[in-house]
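Comments concern the structure below.
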Amino acid sequence: MREFKILGIVVFFTLVTYWGVEPFAHSQMHKHVEGHEFVYDGTADIEETVDAKKEMKKAYWADVAKIATLKGDATSGEAVYAMCMGCHMEGAVNMGGVTPPSLEHTGALYDKNYLIALIKDPAVAMNTDHKFADTMMHPMGSIKTMVTEPQQIADVVAYLLTKKAGEVTPKEAYAEACGRCHEMRYAKWTQLGKTPFFKEKKDELAHQIKVLDEQAAVKGYMGKLPPDLSMIIRARSEHFLETFVENPQSQLAGTSMPRVGLSKEGYEKVTAYLTMIGDPSKPAREAIGPWVILFFVVFAVLAYLWKKETWREVH
Amino acid sequence: MAKFEKAKSVHEWLDQRLAINTLQRVLSTEYWIPKDINFLWAMGLVLAVTFGLLLISGIFLLMYYKPDVATAFDSVNYTIMTEVGYGWLWRHIHGVAASVVFLIIYIHMFTGIYYGSYKKGREMIWISGMLLFVTFSAEAFSGYMLPWGQMSYWAGMVITNLFSGGSLEAYGLVEWIRGDYVPGDAFLTRFFMLHVFLLPLVIIGLIVFHFGTLRIPHVNNQEGEEIDFDEAAKLYKEGKKKESKVIPFNPVFLSKDVFVLGIYFVLFFYLVFFHFEFAMDPVNFDTADGLKTPPHIYPEWYFLWSYEILRPFSKDIGLIAFGIAQVALFFLPFIDRSPNVAPAHKRGLFKIWFWVFIVDMIILTILGKLPPQGIFNDLGLVAAIVFLLLGPALVVVTLKEKKL
Ligand code: HEM
């Protein structure tokens, strides 16, 4: 029928235009970055490195792989963990630019290989070693002298993966993985945590000053204040966020944001929070959408019957 | 004063005072439409309804939007999207409708061109339509400024810069338009005024005008046949509905329009709920930052073809080409010299001209979004030159056309 032919032509040209300005244009605008499925074996880091450090990185990640094969003992790991608590304790304060995050759910959020690498040398694991002449200068760098034996590393990682791997909420995931650097004003979150309610204006202002001091410290360390992540879930594509968190250097070469070595599950928790805050209507859309569409399907069917009825006598 | 009898019903009471019976007859039950039309003739009503959706959703958004550079972004992205009940729904309806309305406008325009519905008495329909197109464009652009995201700011910067006129360096004019050296509070509040008051008012007026221009020439039909409407209407009223070439707007034409609307709404709400990203650019979810130029600045998809006519040339030539492209379509009824009102497939060379035009518009649209590098740049130059040549080509093609 003629009308279907016309419809076909309209649909065809519409889809070609859509394809051109959306999927195709975006594929041309953004450089393609391979995802690594949250596997941390240093491949990308070694590839990126062009200077003398290449060999060092090869040896480093080979060591990490070796340590990963050791059988860790969680009980001995607890003693090593006490050293971590020197910095990561409850009520930790800013050191070298950031406040060390809580490690309460580290085992549930981070990847095993990444944790090994992190304890071996934080700056290299986070892929920000280019910022430090000596990776000891990293705010967590001194761990290199505290935990030196491969077995110790295996033990403390075993401890984290068994004892610090409890159920984690999306909010806790965000707080521990991103919250020390990134503000989130739509969730009343600052680098100092959730902003409490103050009865007195004076207390509120005093708190604001503390936040400003913390932000100044983070800015001093990172070179710029990390952006607020309230709307980031809609401002970046899924693929960008995933590859960026896996390895920020892959998307923004030279950036000061460190790698956050999340596991797939950990990453999903973090994005669940970013979605709750930045795109909270998602569940409502999914619940109401089908009904609205169904309503108009019924509407269209009824309208069709009306049309048939009215046109019968004119044809 | 006229003499009034006591009315027996509310209807009669109103009819005495407002002549609603006459109005209804003239505007609807005896407003004649050719029978030989297809669903493309429903696009006008689809446009009117989509404009209605924009108006209603816009009113809801307006209750919470704050035109101030410090609060605009959060009033949209936090207050409306999070705190206001169903605020997200109104925003998505508004955003998707603003994009889809242009798709329908283009279909509506190309339909007019295909069937030759812009000539021989229908020139004013076309011109009023073009005025609507231009006003709609301004409405869309001003609306895009309001969330005060990165793309609002930078698109605002780039587009207002065009008014410096290239080598004329009329920066005074640019500043006058912006109310400042760079887009800022004064800029935002004036575009807010335009978007929620002046332009909608003009659009409503133009829609009424557009409808008025349809009155005397009536709409065209699939074969471009010249119909004696009085004759055909007489037949219809005598009950010879099958023989008559016309149908009344209400209920016959309307029943088909409403069916097309139903299908349209299914698609429209699918987009609103599940596929709105195309209408809401991710970059605009970053707050405006005058110190951080985004790597790619591009307008919304419906402006891309004219943007691509600007880009591949040197500054001044680009501006002139852009200026020509903006006004060229207004003159279509006068550039087309053929005496025929007929669908393109019956008009020989014009058919080829038409499809080259469509394909060139789409190529320009796609290239307008791609980074202007290498092959894309060369293709853009060719496509823009083709567009400019299509004007003179139409004169030649239509002068040669034989009377059908
Ligand atoms: C929101 C904007 C617009 C609305 C609400 C609107 C509405 C309408 C309506 C209701 C009709 C009659 C039914 C039909 O043929 O579809 C119509 C016809 C027409 N419109 Fe528009 N229109 C709009 C924009 C435009 C534009 C941008 C153009 C082109 C420049 C245009 C050109 C025409 C032409 C040429 C006709 C006559 C079609 C024929 O005779 O077959 N309109 N319009």
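So the protein lines, in turn, are chains Y and U. The numbering of the first sequence is the working numbering, which starts it at 144 and goes up by one. The numbering of the second sequence is the working numbering, which starts it at -7 and goes up by one. Ideal Cβ placement from N, Cα and C applies to all residues, glycine included.
In chain order, what residues of the same chain lie with their CB nearer than 8 Å to the CB of residue 189 of chain Y, ignoring the 5 residues before and after it?
Within the first sequence, numbered from 1, the residue matching residue 189 of chain Y stands at position 46. These residues qualify, in order along the chain: 197, 200, 201 and 204.
In chain order, what residues of the same chain have a beta carbon less than 6 Å from the beta carbon of residue 93 of chain U, not counting five sequence neighbours either side?
Position 101 of the second sequence, counted from the first residue, corresponds to residue 93 of chain U. Answer for residue 93 of chain U: 42, listed in chain order.
Assuming residue 303 of chain Y and residue 249 of chain Y make a contact with CB atoms under 8 Å, what is their CB distance in whole Å?
Here residue 303 of chain Y refers to the residue found at position 160 of the first sequence. Here residue 249 of chain Y refers to the residue found at position 106 of the first sequence. Going by Cβ atoms, the distance from residue 303 of chain Y to residue 249 of chain Y rounds to 5 Å, so yes, they are a contact pair.
Helix, strand or coil: which one does DSSP assign to residue 450 of chain Y?
For the purposes of this step, residue 450 of chain Y is identified with residue 307 of the first sequence, where counting begins at 1. Helix, per DSSP.
Could you list which residues in chain Y have their beta carbon closer than 9 Å to that of residue 261 of chain U, in chain order?
Taking the second sequence and counting its residues from 1, the one referred to as residue 261 of chain U is at position 269. Ordered by position in chain Y, the residues that pass the 9 Å Cβ test against residue 261 of chain U are 432, 435, 436, 438 and 439.
Once the 5 residues before and after residue 343 of chain U are set aside, which same chain residues still bring their CB inside 6 Å of it?
For the purposes of this step, residue 343 of chain U is taken as the residue at position 351 of the second sequence. Here the set comprises 336 and 337.
Identify each residue in the stretch 64 to 82 of chain U for which the Cβ-Cβ distance to at least one residue of chain Y is less than 9 Å, and report them in chain order.
Under the 9 Å Cβ criterion, the stretch 64 to 82 of chain U contributes 65, 66, 69, 70, 73, 74, 78, 79, 80 and 81.
Could you check whether the stretch 128 to 146 of chain U touches the stretch 323 to 333 of chain U, counting it as contact only if at least three pairs of C-beta atoms, one from each stretch, sit closer than 8 Å?
Touching, no.
For the candidate residues Y:328, Y:373, Y:370 and Y:400, whose alpha-carbon lies nearest to that of residue 351 of chain Y?
If you number the first sequence from 1, residue 351 of chain Y lands on position 208. Closest option to residue 351 of chain Y, Cα to Cα, is Y:328.
May I ask which residues mark the beginning and end of the alpha helix (DSSP H) holding residue 192 of chain U?
Taking the first residue of the second sequence as position 1, residue 192 of chain U is located at position 200. Run containing residue 192 of chain U: 191 to 207, per the alpha helix (DSSP H) assignment.
Closer than 7 Å by beta-carbon distance: list the chain U residues that pair up with residue 171 of chain Y, in chain order.
Locating residue 171 of chain Y in the first sequence gives position 28, where the first residue counts as 1. In chain order: 362 and 363.
Which term fits residue 458 of chain Y, buried or exposed, when burial requires 16 or more other beta carbons within 10 angstroms of its beta carbon?
The count along the first sequence starts at 1 and reaches residue 458 of chain Y at position 315. It counts as exposed.
If you follow the beta strand (DSSP E) that residue 24 of chain U is part of, which residue opens it and which one closes it?
By one-based count along the second sequence, residue 24 of chain U stands at place 32. Here the beta strand (DSSP E) through residue 24 of chain U covers 24 to 26.
Taking the alpha-carbon positions, what's the residue 159 of chain Y to residue 296 of chain U distance?
Residue mapping note: residue 159 of chain Y aligns to position 16 of the first sequence, counting from 1. Residue mapping note: residue 296 of chain U aligns to position 304 of the second sequence, counting from 1. If I take the Cα positions, the gap works out to 15 Å.
Apart from the five residues just before and just after residue 293 of chain Y, which ones in its own chain have a Cβ nearer than 8 Å to its Cβ?
Within the first sequence, numbered from 1, the residue matching residue 293 of chain Y stands at position 150. Same-chain partners within the cutoff: 206, 209, 210 and 213.
Enumerate in chain order the residues of its own chain whose CB-to-CB distance from residue 174 of chain U is below 8 Å, with the five nearest sequence positions on each side excluded.
Position 182 of the second sequence, counting from 1, holds the residue named residue 174 of chain U. For residue 174 of chain U, where only same-chain residues beyond five positions count, the Cβ hits under 8 Å are 149 and 282.
Starting from residue 238 of chain U, trace the beta strand (DSSP E) both ways and give me its first and last residue.
Walking along the second sequence from the start, residue 238 of chain U turns up at place 246. Taken as a continuous stretch (DSSP letters only), the beta strand (DSSP E) holding residue 238 of chain U covers 238 to 240.
Looking only at C-alpha atoms, which of U:396, U:207 and U:284 sits nearest to residue 216 of chain U?
Here residue 216 of chain U refers to the residue found at position 224 when the second sequence is read from its first residue. Here the closest residue by C-alpha is U:396.
Checking the sheet assignment: what are the DSSP bridge partners for residue 461 of chain Y?
An answer regarding residue 461 of chain Y cannot be provided, because it is not within the stretch 144 to 458 covered by chain Y.
Since residue 141 of chain U sits in a beta bridge, which residues does DSSP pair it with?
Counting from 1 along the second sequence, the entry for residue 141 of chain U is found at position 149. In DSSP, residue 141 of chain U forms a bridge with U:279.
Taking Cβ positions, are residue 21 of chain U and residue 240 of chain U nearer each other than 7 Å?
Within the second sequence, residue 21 of chain U is the residue found at index 29, counting from 1. Within the second sequence, residue 240 of chain U is the residue found at index 248, counting from 1. Yes, Cβ-Cβ distance for residue 21 of chain U and residue 240 of chain U is below 7 Å.
Taking Cβ positions only, does residue 149 of chain Y come closer than 7 Å to chain U?
Position 6 of the first sequence, counting from 1, holds the residue named residue 149 of chain Y. Interface residue, yes.
Can you name the residues that DSSP bridges to residue 333 of chain Y?
Translated into positions along the first sequence, residue 333 of chain Y becomes position 190. Answer is Y:336.
Hey, residue 361 of chain Y and residue 334 of chain Y: beta-carbon distance below 7 Å or not?
Translated into the one-based positions of the first sequence, residue 361 of chain Y becomes position 218. Translated into the one-based positions of the first sequence, residue 334 of chain Y becomes position 191. Yes, they are a contact pair.
Strictly under 7 Å for the Cβ-Cβ distance: is residue 453 of chain Y near chain U by that measure?
Taking the first sequence and counting its residues from 1, the one referred to as residue 453 of chain Y is at position 310. With 7 Å as the cut-off, residue 453 of chain Y counts as an interface residue toward chain U.
Count Cβ pairs between the stretch 365 to 379 of chain U and the stretch 172 to 184 of chain Y that sit closer than 8 Å; are there 3 or more?
With a cut-off of 8 Å, the stretch 172 to 184 of chain Y and the stretch 365 to 379 of chain U do not count as touching, because too few Cβ pairs lie within range.
Please go through the same chain and pick out, in chain order, the residues whose beta-carbon is closer than 7 Å to the beta-carbon of residue 123 of chain U, but skip the five residues on each side of it.
Sequence index remark: in the second sequence, residue 123 of chain U carries index 131 (1-based). Excluding positions up to five away in sequence, the list reads 198.
Hey, would you say residue 258 of chain Y sits closer than 7 Å to residue 316 of chain Y, going by beta carbons?
Taking the first sequence and counting its residues from 1, one reaches residue 258 of chain Y at position 115. Taking the first sequence and counting its residues from 1, one reaches residue 316 of chain Y at position 173. For residue 258 of chain Y and residue 316 of chain Y, no; Cβs fall outside 7 Å.
Tell me which residues of the stretch 144 to 168 of chain Y have at least one Cβ-Cβ distance to chain U shorter than 9 Å, keeping chain order.
Flagged, chain order: 145, 146, 149, 150, 153, 156, 157, 159, 160, 161, 162, 163, 164, 165, 167 and 168.
According to DSSP, is residue 405 of chain Y helix, strand or coil?
Within the first sequence, the letter at position 262 stands for residue 405 of chain Y. Residue state, collapsed to three classes: strand.
For residue 327 of chain Y, which beta-bridge partners are listed by DSSP?
Mapped onto the first sequence, residue 327 of chain Y falls at position 184. Note: residue 327 of chain Y sits in a beta bridge opposite Y:332.
If distances are taken between C-alpha atoms only, which option among Y:410, Y:152, Y:326 and Y:364 comes closest to residue 386 of chain Y?
Along the first sequence, read from residue 1 onward, the residue named residue 386 of chain Y stands at position 243. Residue 386 of chain Y has its Cα closest to that of Y:410, out of Y:410, Y:152, Y:326 and Y:364.
Smallest Cα separation from residue 266 of chain U: which of Y:436, Y:370, Y:228 and Y:226?
By 1-based counting over the second sequence, the position of residue 266 of chain U is 274. Nearest option by C-alpha distance: Y:436.
Where does residue 253 of chain Y sit, in a helix, a strand or coil, going by DSSP?
Walking along the first sequence from the start, residue 253 of chain Y turns up at place 110. Note: residue 253 of chain Y maps to strand in three-state DSSP.
Flag residue 278 of chain U as yes if its beta-carbon sits less than 7 Å from any beta-carbon of chain Y, otherwise no.
Position 286 of the second sequence, counted from the first residue, corresponds to residue 278 of chain U. So yes, residue 278 of chain U belongs to the interface.
Tell me, to the nearest whole angstrom, how far the beta carbon of residue 404 of chain Y is from that of residue 272 of chain Y; I am working on the premise that it is less than 8 Å.
By 1-based counting over the first sequence, the position of residue 404 of chain Y is 261. By 1-based counting over the first sequence, the position of residue 272 of chain Y is 129. The pair is not a contact, with the Cβ atoms about 14 Å apart (cut-off 8 Å).
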